[in-house]
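Residue numbers (this note's numbering): 760 to 1325. Ideal Cβ placement from N, Cα and C applies to all residues, glycine included. To keep things clear, I will list the structure first and then write my remarks on it.
In structure tokens:
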């Protein structure tokens, strides 16, 4: 309640907060601030972010606006706070209002999926808690976001949780401003939420609920291979200390030597696997919970087949309650590799997983919460104390890159191999998750789905589509299919130079040494090993490696032994 402020000392502000402010507990946070400072008004999600109308003493309003940024929820990322005075409404309370829809281009940002927070994990481990060992526990500070959001504004109805009706107790938490689950859209419990099920390779049901996880843990201990449905897709899991089981996984997956990532039950277990310093541990325990490449310890007990002939081990910690549940009674280190046949995207749908992975997995641990958009685990490494990405996915995508100046809506469709797309709207470059190699049909379908998802969710019609100069790339062909699109071709290595400039907030000109491989050149030839000088607009090729024969054409790029033989 506003209190004794007079009209002369009172104002009403309309405030728009932009950034990652939906799905992170921002409306309950605003509600709490308004109560703390004795302000009235309302807060609602809209297509641009969070809209606030707040009324009260002038000094309290100024403190409120400052606190919006200074005390924001841990998963929030504020890019703009725009405030202006409006007429007094003389309301007496502050409320969370229904979301506001309009037909404008969306400027709010989608939060990434985040690992189980400490508070939820404590409840998960508490026998007295009603969510004890519930594998889908979450709150406003953790859990699924990007992979379940189907549209904006972010509400339960625009997520794959819309199918699950909250029980009275969950609804009470959802409606209670004092609860950590106040307006937490994925809120659920064993009574009303998603459920586990265990199946054999033929799809026959073996167990349900937590019993499914108990049996699954026992199967992993026996050395069986399980396909496990997670946040952004399926993993293939096996005991990382069982040599025969790991070898069997490699044989079935057709992955002879490529290293496999492992999940350690906790930080203590991870320390026994790798040499970790405090910065490594901060990365491993951060909310994104990426796979970190680190130096393995000698005699760490892992099967030799996990990462043969390589001096780095990919390790991560559990990031869902299901992972914690499995590792309570099963092996404390699991191989957790992508649930796919080599070169295909990871499976996300239960039936698709049973169809595609039945020759790889002995058993399937499924659940009935749909994954709207696949998202692989992120893979990172520390180089010169900076975090570098090998793959940017879960936990980071679709966190944007911020651009100093706004411009037209631009869609960058990426290259053929290890594709990622980017949608530039205003001052935000929204990077998609890792898509994969587009020559694979399923990856190409994901490419198209991801573009549609980003453009639909932001209600953004690209004014320009930027593609690789290579005419044979499927991303290029897609860009050129629609004659109504304005397109721009960019040489592959010039794109690398421009990306490095943008990443370092530089405009150029700069010298770019591009040694990533080959790219289609401006003279209809294959370039490889360039020194370019230029900026984001243009670049000149000042030096390059001598051309050499490529036996088999582009096949030699994927199979370098052809060059050696030739």
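- A direct Cα-to-Cα measurement between residue 1293 and residue 1258 gives close to 12 Å.
- Rounded to the nearest whole angstrom, the C-alpha separation of residue 1014 and residue 883 is 36 Å.
- By the criterion of at least three beta-carbon pairs nearer than 8 Å, the stretch 916-930 is in contact with the stretch 948-962.
- Judged by their CB atoms, residue 881 and residue 901 are not nearer to each other than the 8 Å cut-off.
- In the DSSP annotation of this structure, the continuous segment of the alpha helix (DSSP H) that includes residue 1037 starts and ends at 1037-1044.
- Going by beta carbons, residue 1211 and residue 1196 fall outside the 8 Å limit.
- Here residue 1081 is not near residue 949, since their CB atoms are 8 Å or more apart.
- With distances taken between CA atoms, residue 1172 lies nearest to 1193 out of 1308, 1154, 1323 and 1193.
- In this chain, the alpha helix (DSSP H) harbouring residue 1260 covers 1251-1262.
- Unbroken alpha helix (DSSP H) runs of no fewer than 4 residues, entirely contained in the stretch 957-992, are found at 968-980, following chain order.
- Sorting 1238, 1242 and 998 by C-alpha distance to the C-alpha of residue 1249 places 1238 at the top.
- When 846, 834, 829 and 784 are compared, the shortest CA-CA separation from residue 813 is found for 846.
- Going by DSSP, residue 1114 is part of the alpha helix (DSSP H) stretching over 1109-1116.
- Sequence-distant partners of residue 1069 (beyond 5 residues in either direction) whose C-beta falls short of 7 Å from its own C-beta, in its chain, are 1018.
- Assignment of residue 1129 by DSSP, reduced to helix, strand and coil, places it in the coil class.
- A straight-line Cα-Cα distance of about 35 Å links residue 1269 and residue 1046.
- Annotated as proximal: residue 1223 and residue 1247, with beta-carbon spacing under 8 Å.
- If you check the CB distance, residue 1137 and residue 1147 do not come in under 8 Å.
- Going by DSSP, residue 1096 is part of the beta strand (DSSP E) stretching over 1092-1097.
- Sequence-distant Cβ neighbours of residue 1048 in its own chain, meaning closer than 7 Å and more than five residues away, are 874, 1075, 1076, 1078 and 1154.
- Setting aside the 5 residues that flank it on each side, residue 1272 is surrounded in the same chain by 1290, each with a C-beta closer than 6 Å to its C-beta; the list follows chain order.
- In the DSSP assignment, residue 828 falls within the alpha helix (DSSP H) that extends over 817-829.
- Inter-residue distance for residue 1071 and residue 1191 is about 27 Å (C-alpha atoms, whole angstroms).
- Assignment of residue 1211 by DSSP, reduced to helix, strand and coil, places it in the helix class.
- In this structure, the beta-carbon distance from residue 1066 to residue 1055 falls below 8 Å.
- Secondary structure remark: continuous beta strand (DSSP E) runs of at least 3 residues inside the stretch 792-818, in chain order: 799-805 and 808-816.
- Where residue 1273 is concerned, the enclosing beta strand (DSSP E) starts and stops at 1269-1279.
- At a Cβ-Cβ threshold of 8 Å, residue 903 and residue 945 count as neighbours.
- If you look at residue 923, you'll find it isn't in any beta strand (DSSP E); DSSP assigns it neither H nor E.
- Between residue 1186 and residue 1161, the gap from beta carbon to beta carbon is short of 8 Å.
- A residue is called buried once 16 or more other Cβ atoms fall within 10 Å of its Cβ, and residue 771 is buried on that count.
- If you compare the alpha carbons of 1097, 1036 and 957 with that of residue 1022, the shortest gap goes to 1097.
- For residue 976, the CB contacts under 6 Å within the same chain, skipping 5 residues up- and downstream, are 1085, 1088 and 1089 in chain order.
- Just measuring C-alpha positions, the residue of 1123, 995, 1142 and 990 sitting nearest residue 1052 is 1142.
- When DSSP states are grouped into helix, strand and coil, residue 1056 belongs to the coil group.
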